[in-house]
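Asker:
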């Protein structure tokens with residue numbers, strides 16, 4: 001069981017490292033493009049900085065509809081398939097007596 005938690009922690013650290021790497025790349029790319037645009041066309045750079053950043057497309061969903069959707073989704077009980085494959089997956093991580 002301890003090996004499983006160590007493996008989970010290792011994977012979480014790898015995911016965090018990849019996230020930081022992607023964030024650094026994105027920030028560097030944005031900075032590079034803004035610097036290049038500043039050198040070539042300052043007016044267009046300042047106009048792009050004044051515009052709000054759009055993260056999604058389409059209309060924003062109503063809060064009540066969103067709450068109702070998630071409430072209905074999470075309130076239903078789910079029966080997961082506890083087939084023999086779970087034993088094969090967990091076997092390497094179970095401590096031997």
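Residue numbers (the UniProt record's numbering): 1 to 97. Glycine included, each C-beta is placed from N, C-alpha and C at the ideal position.
(1) Taking 8 Å as the limit between beta carbons, can you name the residues of its chain near residue 44, skipping five residues before and five after?
(2) Assuming residue 3 and residue 74 make a contact with CB atoms under 8 Å, what is their CB distance in whole Å?
(3) Please state if the CB of residue 95 and the CB of residue 1 are separated by a distance shorter than 7 Å.
(4) How many Å lie between residue 76 and residue 68 at the Cα?
(5) Which residue marks the beginning of the alpha helix (DSSP H) containing residue 84, and which one marks its end?
Answerer: With the given structure in hand:
(1) Translated into positions along the chain shown, residue 44 becomes position 44. Closer than 8 Å at the Cβ level, and outside the excluded window around residue 44, lie 37.
(2) The residue labelled residue 3 in the question sits at position 3 within the chain shown. The residue labelled residue 74 in the question sits at position 74 within the chain shown. Going by Cβ atoms, the distance from residue 3 to residue 74 rounds to 31 Å, so no, they are not a contact pair.
(3) On the chain shown, residue 1 is found 1 positions in, with the first residue counted as 1. On the chain shown, residue 95 is found 95 positions in, with the first residue counted as 1. Taking 7 Å as the Cβ cut-off, residue 1 and residue 95 qualify as a contacting pair.
(4) One-based indexing of the chain shown puts residue 76 at position 76. One-based indexing of the chain shown puts residue 68 at position 68. Residue 76 and residue 68: Cα-Cα distance of roughly 13 Å.
(5) Translated into the one-based positions of the chain shown, residue 84 becomes position 84. Residues 84–90.
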